[in-house]
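Working notes, beginning with the structure itself.
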Amino acid sequence: MDALKSKVLAIDDDEAILMLFDTILPKEGFSVVSTPRGGTGITMAHDEKPDIIILDLGLPDIPGMEVCRVMRQDPAIRHIPILMLTAQNNVQDKVKGLELGADDYLAKPFEPKELVARIRAILRRTLHESPAEKILERANVRILVDQIMVEVDGQPKGRLTRKEFDLLYVLMKKSPQVLSRSYLVETVWGTDYPVTDRTVDATIKRLRQKLGPDGAKHIVTIEGFGYKFE
Numbered sequence: 058m059d060a061l062k063s064k065v066l067a068i069d070d071d072e073a074i075l076m077l078f079d080t081i082l083p084k085e086g087f088s089v090v091s092t093p094r095g096g097t098g099i100t101m102a103h104d105e106k107p108d109i110i111i112l113d114l115g116l117p118d119i120p121g122m123e124v125c126r127v128m129r130q131d132p133a134i135r136h137i138p139i140l141m142l143t144a145q146n147n148v149q150d151k152v153k154g155l156e157l158g159a160d161d162y163l164a165k166p167f168e169p170k171e172l173v174a175r176i177r178a179i180l181r182r183t184l185h186e187s188p189a190e191k192i193l194e195r196a197n198v199r200i201l202v203d204q205i206m207v208e209v210d211g212q213p214k215g216r217l218t219r220k221e222f223d224l225l226y227v228l229m230k231k232s233p234q235v236l237s238r239s240y241l242v243e244t245v246w247g248t249d250y251p252v253t254d255r256t257v258d259a260t261i262k263r264l265r266q267k268l269g270p271d272g273a274k275h276i277v278t279i280e281g282f283g284y285k286f287e
C-alpha cells in the first residue's frame with residue numbers, strides 16, 4: 058500500500074528543470090505532474106487537484122503572471138498555493154507575483170534543498186487555509202475550524218491541543234484515504250521537529266479518548282502503516 062503523497066503540479070518549459078523535479082521531489086515524498094505550457098497547466102490544476110503549484114514566469118504560450126492571475130480568479134482552484142519560479146531575481150517581479158496571489162517566490166538557479174524546504178513550508182502554512190472552510194464534517198464528526206473545536210453527534214467534545222486538532226483535520230480532510238505515519242509526521246509536525254511514529258500513535262490515542270467511542274470508531278488503524286478516517 059502506497060502512502061498518500063502531496064501532489065506537485067510543475068508548470069515550466071525548461072526540460073532540465075522538469076527532470077530535476079521528477080528526480081528530487083519523489084525522493085522527498087511528493088508526487089509530480091508537469092507541463093511546459095501555461096494553458097495546459099490551468100487545465101491540469103482542475104483535473105489533477107494538486108496540493109501545490111510550481112509556476113515559472115517565462116512560459117511560451119501564456120506569461121506566468123497571467124497564469125497566476127487566472128488561477129487566483131477561478132473559484133475552483135484559487136485556493137491552491139503557488140510557488141513562482143523565475144530566472145530574473147528582481148524585486149519588481151517578486152512584488153508583482155506576490156500581489157497577484159503567489160504564496161512564495163524562488164529565483165533560478167536554486168538549491169534543491171531550498172526548493173523542498175519552501176514547498177513544505179507553504180504546505181504547512183496553508184494546511185487550514187485551503188480552502189478556507191469554517192466547518193469540516195465527515196460522518197457524525199464536525200470540526201469547527203476557527204474555534205479549534207470538535208463535535209460528535211452535535212455534542213461538543215473536550216478541547217483538543219493544536220496537534221490533536223491538526224491530526225484530526227488532516228485525517229478528515231483526506232478521508233477515506235489511508236495516510237502513512239510518515240505523511241502525518243511531515244504534514245502535522247513538519248520536518249523541523251524530532252517526532253517519531255510513536256508520537257503519532259500517542260496523539261491518536263489521546264484524540265480517540267477525547268472523541269469518545271462514537272467518534273473514535275471512525276479513526277481506523279492500518280496495521281504497520283498508518284491511519285484513515287472512515
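Sequential numbering from 58 applies to the sequence shown in the working numbering.
We put the CB at the ideal spot given by N, CA and C, even for glycine.
All values derive from a computational prediction rather than experimental measurement.
Going by beta carbon distance, what residues of the same chain come within less than 7 Å of residue i, once the five residues before and after it are set aside?
{"i": "residue 247", "result": "177 and 181"}
{"i": "residue 134", "result": "102, 103 and 128"}
{"i": "residue 245", "result": "220, 223, 224 and 227"}
{"i": "residue 79", "result": "89"}
Which same chain residues end up closer than 6 Å to residue i when comparing Cβ atoms and leaving out the 5 residues on each side of it in sequence?
{"i": "residue 238", "result": "254, 257 and 283"}
{"i": "residue 138", "result": "109, 160, 179 and 183"}
{"i": "residue 205", "result": "222"}
{"i": "residue 70", "result": "93, 116 and 117"}
{"i": "residue 81", "result": "169"}
{"i": "residue 87", "result": "62, 63 and 65"}
Going straight from the alpha carbon of residue i to that of residue j, what length do you get?
{"i": "residue 271", "j": "residue 196", "result": "10 Å"}
{"i": "residue 173", "j": "residue 85", "result": "8 Å"}
{"i": "residue 162", "j": "residue 231", "result": "27 Å"}
{"i": "residue 96", "j": "residue 167", "result": "25 Å"}
{"i": "residue 213", "j": "residue 151", "result": "45 Å"}
{"i": "residue 142", "j": "residue 156", "result": "15 Å"}
{"i": "residue 52", "j": "residue 234", "result": "No answer is possible for residue 52: it lies beyond the span of the chain, which begins at 58 and ends at 287."}
{"i": "residue 124", "j": "residue 269", "result": "47 Å"}
{"i": "residue 121", "j": "residue 194", "result": "36 Å"}
{"i": "residue 158", "j": "residue 209", "result": "36 Å"}
Do the CB positions of residue i and residue j come within less than 8 Å of each other?
{"i": "residue 75", "j": "residue 91", "result": "yes"}
{"i": "residue 229", "j": "residue 261", "result": "no"}
{"i": "residue 285", "j": "residue 224", "result": "no"}
{"i": "residue 252", "j": "residue 242", "result": "yes"}
{"i": "residue 215", "j": "residue 267", "result": "yes"}
{"i": "residue 217", "j": "residue 207", "result": "yes"}
{"i": "residue 144", "j": "residue 165", "result": "yes"}
{"i": "residue 264", "j": "residue 279", "result": "no"}
Roughly how far, in whole angstroms, is the beta-carbon of residue i from the beta-carbon of residue j, given that I think they are within contact range, below 8 Å?
{"i": "residue 68", "j": "residue 98", "result": "4 Å"}
{"i": "residue 94", "j": "residue 140", "result": "Contact flag wrong, Cβ pair sits at about 18 Å."}
{"i": "residue 107", "j": "residue 66", "result": "4 Å"}
8 Å is my cut-off, CB to CB: does residue i come that close to chain B?
{"i": "residue 76", "result": "As a matter of chain content, chain B is missing from the structure shown, which is built from one protein chain."}
For a test of your reading of the model: does the CB of residue i fall under 7 Å from any non-hydrogen atom of the ligand GTP? Yes or no.
{"i": "residue 159", "result": "Absence of the ligand GTP from the depicted structure is noted, as is the absence of any ligand whatsoever, leaving it without description."}
Closer than 8 Å by C-beta to residue i: which residues in its own chain qualify, once you throw out the five before and the five after it? Chain order, please.
{"i": "residue 72", "result": "93"}
Problem set entry | Contained alpha helix (DSSP H) runs [length at least 4] in the stretch 209-251, N- to C-terminal order | 219-231 and 238-241
For this session: Entirely within the stretch 76-103 and at least 3 residues each: give me those beta strand (DSSP E) ranges in chain order.
Result: 87-92
Problem set entry | Whole runs of the beta strand (DSSP E) within the stretch 106-192, excluding any shorter than 3 residues | Segments of the beta strand (DSSP E) lying fully in the stretch 106-192: 109-113, 139-143 and 161-164.
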